[in-house]
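Chains A and B, in that order, give the protein sequences.
Using our numbering, read the first sequence as starting at 271 and increasing by one per residue.
Using our numbering, read the second sequence as starting at 8 and increasing by one per residue.
A virtual CB, placed ideally from N, CA and C, is assigned to each residue, including glycine.
Okay, structure first, notes after.
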Amino acid sequence: GAVVSQHPSRVICKSGTSVKIECRSLDFQATTMFWYRQFPKQSLMLMATSNEGSKATYEQGVEKDKFLINHASLTLSTLTVTSAHPEDSSFYICSALEGGKETQYFGPGTRLLVL
Amino acid sequence: GNSVTQMEGPVTLSEEAFLTINCTYTATGYPSLFWYVQYPGEGLQLLLKATKADDKGSNKGFEATYRKETTSFHLEKGSVQVSDSAVYFCALTSANSGNTPLVFGKGTRLSVIA
Chain A
271 GAVVSQHPSR VICKSGTSVK IECRSLDFQA TTMFWYRQFP KQSLMLMATS
321 NEGSKATYEQ GVEKDKFLIN HASLTLSTLT VTSAHPEDSS FYICSALEGG
371 KETQYFGPGT RLLVL
Chain B
8 GNSVTQMEGP VTLSEEAFLT INCTYTATGY PSLFWYVQYP GEGLQLLLKA
58 TKADDKGSNK GFEATYRKET TSFHLEKGSV QVSDSAVYFC ALTSANSGNT
108 PLVFGKGTRL SVIA
């Protein structure tokens with residue numbers, strides 16, 4: 271099946287710093303990528319939908335100025351958590367969708383811990 | 008809005024036991040239904056799917072039938088193995104195609120002991 275990678279897999283940062291998470295589709299072109307957030311023992315919550323070459327669409331309650339999403343190419347989307355705070359600590363997961371296809375392929379996730 | 012409810016875990020079974028993980032949904036229109044599995048330390052993988060009423064999705068011995076009358080998509084396996092230990096997520100999309108995000112249930116952790 272299609273492979274999606276995320277980098278880094280785990281990051282620890284100080285409060286107030288910014289962290290960038292990369293999501294790459296390794297063997298297909300992803301016209302759409304989704305970013306999810308997962309709290310312990312909870313479901314994946316959609317944060318935003320990004321389409322290559324256009325601005326991301328954010329879900330209600332997600333601050334677009336805090337969670338910057340860039341989908342500059344068909345194989346790469348980035349999520350930057352700006353001025354991170356401890357409450358931003360979570361598991362961030364991306365998924366990628368090939369144009370015209372239905373199945374989303376998920377990355378392994380990035381665990382962010384903000385001290 | 009759309010939502011998915013699945014049984015709380017964790018579920019602990021002995022090897023070769025029968026597995027059922029219940030999943031019900033609320034959605035407008037005709038959603039597509041999915042089961043994803045997350046093995047320890049890995050990303051989510053599509054396990055099976057069904058796109059219309061009465062469809063049965065199956066893979067690796069797992070099955071789930073799209074029941075519109077009961078708005079359910081229960082996951083079953085006749086004989087589980089230790090290697091099936093993982094977290095299972097039921098999910099739906101509100102359309103059959105296009106860039107539609109998934110709505111997930113909370114996940115059910117399954118532990119199979121030898």
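Buried versus exposed, by CB contacts within 10 Å (16 or more), residue i
{"i": "residue 383 of chain A", "result": "exposed"}
{"i": "residue 306 of chain A", "result": "buried"}
{"i": "residue 274 of chain A", "result": "buried"}
{"i": "residue 355 of chain A", "result": "exposed"}
{"i": "residue 318 of chain A", "result": "buried"}
{"i": "residue 27 of chain B", "result": "exposed"}
{"i": "residue 95 of chain B", "result": "buried"}
{"i": "residue 84 of chain B", "result": "buried"}
{"i": "residue 38 of chain B", "result": "buried"}
{"i": "residue 342 of chain A", "result": "exposed"}
{"i": "residue 310 of chain A", "result": "exposed"}
{"i": "residue 68 of chain B", "result": "exposed"}
Sequence-distant residues of its chain with Cβ nearer than 6 Å to residue i (five each side left out)
{"i": "residue 372 of chain A", "result": "none"}
{"i": "residue 91 of chain B", "result": "119"}
{"i": "residue 29 of chain B", "result": "14, 81"}
{"i": "residue 40 of chain B", "result": "57, 73, 80, 99"}
{"i": "residue 46 of chain B", "result": "93"}
{"i": "residue 299 of chain A", "result": "344"}
{"i": "residue 280 of chain A", "result": "381"}
{"i": "residue 346 of chain A", "result": "294"}
Beta-carbon proximity list for residue i, same chain, < 8 Å, skipping 5 on both sides
{"i": "residue 15 of chain B", "result": "113, 115"}
{"i": "residue 277 of chain A", "result": "291, 292, 294, 380"}
{"i": "residue 18 of chain B", "result": "26, 28, 115, 116, 117, 118"}
{"i": "residue 334 of chain A", "result": "318, 326, 328"}
Host beta strand (DSSP E) of residue i (start-end)
{"i": "residue 289 of chain A", "result": "289-295"}
{"i": "residue 276 of chain A", "result": "274-277"}
{"i": "residue 360 of chain A", "result": "360-368"}
{"i": "residue 3 of chain B", "result": "The structure shown does not extend to residue 3 of chain B, since chain B is modelled only from 8 to 121, so the question has no answer here."}
{"i": "residue 84 of chain B", "result": "82-84"}
{"i": "residue 78 of chain B", "result": "From DSSP, residue 78 of chain B is part of no beta strand (DSSP E); its letter is neither H nor E."}
{"i": "residue 64 of chain B", "result": "63-66"}
{"i": "residue 394 of chain A", "result": "In this structure chain A extends from 271 to 385, so residue 394 of chain A is not present and cannot be described."}
{"i": "residue 31 of chain B", "result": "30-33"}
{"i": "residue 87 of chain B", "result": "Looking at the DSSP string, residue 87 of chain B is not in any beta strand (DSSP E), and its letter there is neither H nor E."}
{"i": "residue 300 of chain A", "result": "300-308"}
{"i": "residue 315 of chain A", "result": "314-321"}
Could you please tell me which residues of the segment 306-326 of chain A, in chain order, have their CB closer than 7 Å to any CB of chain B? 312, 313, 314, 316, 319, 321
Which residues of the segment 323-352 of chain A have a Cβ closer than 8 Å to any Cβ of chain B? Give them in chain order. Those residues of the segment 323-352 of chain A that come within reach of chain B (Cβ to Cβ, closer than 8 Å) do not exist; the list is empty.
Of all the residues that make up the segment 23-41 of chain B, which are near chain A by a beta-carbon distance shorter than 8 Å? Under the 8 Å Cβ criterion, the segment 23-41 of chain B contributes 39.
Could you tell me whether the segment 32-41 of chain B touches the segment 326-333 of chain A, where touching means 3 or more Cβ pairs closer than 8 Å? no
Short-range partners of chain A found in the segment 63-78 of chain B, where Cβ spacing is below 8 Å: So nothing in the stretch comes that close.
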